[in-house]
Amino acid sequence: MREIVNKIRLTGKTAVVTGGHSGIGRGIVEAFAQAGASNILIAGRREELGNRAAAEVAGEHGVNCAFYRADITAAADREALIGEAVSRFGRIDILVNNAGITHVENAEDISWESWRRVMDVNLDSLFFLSQAAGRVMIKQKGGCIINVSSNSDRLVMTPQRQTVYNASKAAVSMMTKCLAYEWAEHNIRVNAVSPGYIQSDILPEGVSKDGKKFRDVWTGMIPMGRFGYAEEVGAIVLFAASDICPFLNGSVILADGGYHLT
Ligand SMILES: NC(=O)c1ccc[n+]([C@@H]2O[C@H](COP(=O)([O-])OP(=O)(O)OC[C@H]3O[C@@H](n4cnc5c(N)ncnc54)[C@H](O)[C@@H]3O)[C@@H](O)[C@H]2O)c1
Numbered sequence: 008m009r010e011i012v013n014k015i016r017l018t019g020k021t022a023v024v025t026g027g028h029s030g031i032g033r034g035i036v037e038a039f040a041q042a043g044a045s046n047i048l049i050a051g052r053r054e055e056l057g058n059r060a061a062a063e064v065a066g067e068h069g070v071n072c073a074f075y076r077a078d079i080t081a082a083a084d085r086e087a088l089i090g091e092a093v094s095r096f097g098r099i100d101i102l103v104n105n106a107g108i109t110h111v112e113n114a115e116d117i118s119w120e121s122w123r124r125v126m127d128v129n130l131d132s133l134f135f136l137s138q139a140a141g142r143v144m145i146k147q148k149g150g151c152i153i154n155v156s157s158n159s160d161r162l163v164m165t166p167q168r169q170t171v172y173n174a175s176k177a178a179v180s181m182m183t184k185c186l187a188y189e190w191a192e193h194n195i196r197v198n199a200v201s202p203g204y205i206q207s208d209i210l211p212e213g214v215s216k217d218g219k220k221f222r223d224v225w226t227g228m229i230p231m232g233r234f235g236y237a238e239e240v241g242a243i244v245l246f247a248a249s250d251i252c253p254f255l256n257g258s259v260i261l262a263d264g265g266y267h268l269t
């Protein structure tokens, strides 16, 4: 039988993780480092935090981990990021599209600008970064893309109002399936993880100054009675990114502590 367990290791692989310097992204980078990824490039806008995170990961796990400053909404930054990864490491085995923003506002009040901002970060940038990495992966005849979506790709999370965020994540999950279909012939797997509430910078303060109130309400809605941890999402992304499951393609893996059951 095909050997399984050691396939979870990322030895020799190069990964790019957007927003890998905080929250869920940091959990993903930690998981990749623990799995022995050879090169990890954290991409994001926050230079000081990024350099610190990269140094900590490199120091703790003895892997090559660096930060590259990039705003994923800027076309030039996206191209430069992919170019940097290729010129430094020669290839990109794994792209994790993790960077994202949230937005809570009643539907009747959302401005064009707010709508575009969320779609720009969560959806448009994710597609065009995937396209840039996909072109590299097509040439190198293989690769793997993992998108961080949300359980709000299918659920109307309550009581907060977040139409634009939910719509962006629904599109991310559908785009994951489309790219998986198109690029399967190039040996590129595209999958997504849809987390529920995860303890991170986005929560609870990012959602509302009155975050405590939301937090208690949300916790009560999760059968497991707690938020998830970044490393729990990291473990799923590692599973999808590794060679342990080569038949996993076009899947959107839901991990929300059972929130969707109620
Ligand atoms: N925390 C949750 O409960 C939860 C649940 C489901 C999905 N998610 C998703 O997980 C992902 C990570 O979020 P998080 O919870 O870790 O929050 P976070 O705020 O810690 O992480 C988001 C990261 O994206 C980066 N980012 C934002 N805009 C960017 C841009 N234009 N260019 C480059 N980087 C940019 C931020 O600097 C940050 O590092 C997001 O896509 C989010 O929608 C989070």
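So the sequence shown is numbered by the numbering used here: it starts at 8 and just counts up by one.
For glycine and all other residues, C-beta sits at the position ideal for the given N, C-alpha and C.
message: Taking 7 Å as the cut-off, is the beta-carbon of residue 30 closer than that to any non-hydrogen atom of ligand 1?
response: For ligand 1, at least one heavy atom lies less than 7 Å from the Cβ of residue 30.
message: For a test of the three-state rule: what should DSSP assign to residue 89, helix, strand or coil?
response: Looking at residue 89 - three-state DSSP - the assignment turns out to be helix.
query: Would the beta-carbon of residue 45 be found less than 7 Å away from any heavy atom of ligand 1?
result: Outside the cutoff, so no.
query: Is any heavy atom of ligand 1 found at a distance shorter than 7 Å from the C-beta of residue 180?
result: Answer for residue 180: no, Cβ out of range of ligand 1.
field: Beta-carbon proximity of residue 175 to residue 144, cut-off 8 Å
entry: Not closer than 8 Å, so no.
message: Going by DSSP, what residue range makes up the alpha helix (DSSP H) through residue 180?
response: Taken as a continuous stretch (DSSP letters only), the alpha helix (DSSP H) holding residue 180 covers 170-190.
task: With 8 Å as the threshold, decide whether the Cβ of residue 127 is near any Cβ in chain C.
output: Of the chains in the structure shown, none is chain C; there is only one protein chain.
message: Within a Cβ cutoff of 7 Å, which residues of the same chain sit near residue 213, ignoring the five residues on either side of it in sequence?
response: Because the pLDDT at residue 213 is just 45, under 50, the model does not fix this residue reliably, and the value given afterwards should be weighed accordingly. Cβ neighbours of residue 213 beyond the five flanking positions: 109.
query: Taking 7 Å as the cut-off, is the CB of residue 52 close to at least one heavy atom of ligand 1?
result: Yes.
message: Quick check: what's the CA-CA separation for residue 137 versus residue 50?
response: Cα to Cα, residue 137 sits roughly 14 Å from residue 50.
query: Any contact of the region 119-133 with the region 97-111, i.e. 3+ C-beta pairs under 8 Å?
result: Taking 8 Å as the limit for Cβ pairs, the verdict is that the region 97-111 does touch the region 119-133.
task: In angstroms with no decimal places, state the Cα-to-Cα distance between residue 140 and residue 20.
output: So the alpha carbons of these two residues sit roughly 15 Å apart.
query: Looking at the structure shown, is residue 213 part of a helix, part of a strand, or coil, going by DSSP?
result: Note that residue 213 scores a pLDDT of 45, beneath 50, so its modelled location is shaky and nothing firm can be said.
message: Could you pull the DSSP bridge partners for residue 75 from this structure?
response: Paired residue(s): 50.
- request: With residue 261 as the anchor, note down where its beta strand (DSSP E) starts and where it stops.
  value: Unbroken beta strand (DSSP E) run through residue 261: 259-262.
field: Residue span of the alpha helix (DSSP H) that contains residue 244, given as start and end
entry: That run of the alpha helix (DSSP H) goes 237-248.
- prompt: Quick one: what's got a C-beta closer than 8 Å to residue 215's C-beta in the same chain, skipping five residues either side?
  reply: Residue confidence for residue 215 is low, a pLDDT of 45 falling below 50, so the modelled location carries little weight; the figure read from the coordinates is stated next. Answer for residue 215: 111, 167 and 221, listed in chain order.
query: So, do the region 23-31 and the region 40-58 have three or more beta carbon pairs nearer to each other than 8 Å?
result: Yes: the two stretches touch, three or more of their Cβ pairs being nearer than 8 Å.
- prompt: In terms of residues, what are the limits of the beta strand (DSSP E) holding residue 150?
  reply: Note, residue 150: beta strand (DSSP E), 150-155.
- request: Just the C-alpha distance for residue 74 and residue 61, rounded to the nearest angstrom, thanks.
  value: Separation of residue 74 and residue 61 (C-alpha to C-alpha, rounded to the nearest whole angstrom) is 6 Å.
message: Pairs of beta-carbons, one from the region 228-238 and one from the region 176-190, closer than 8 Å: are there three or more?
response: Taking 8 Å as the limit for Cβ pairs, the verdict is that the region 176-190 does not touch the region 228-238.
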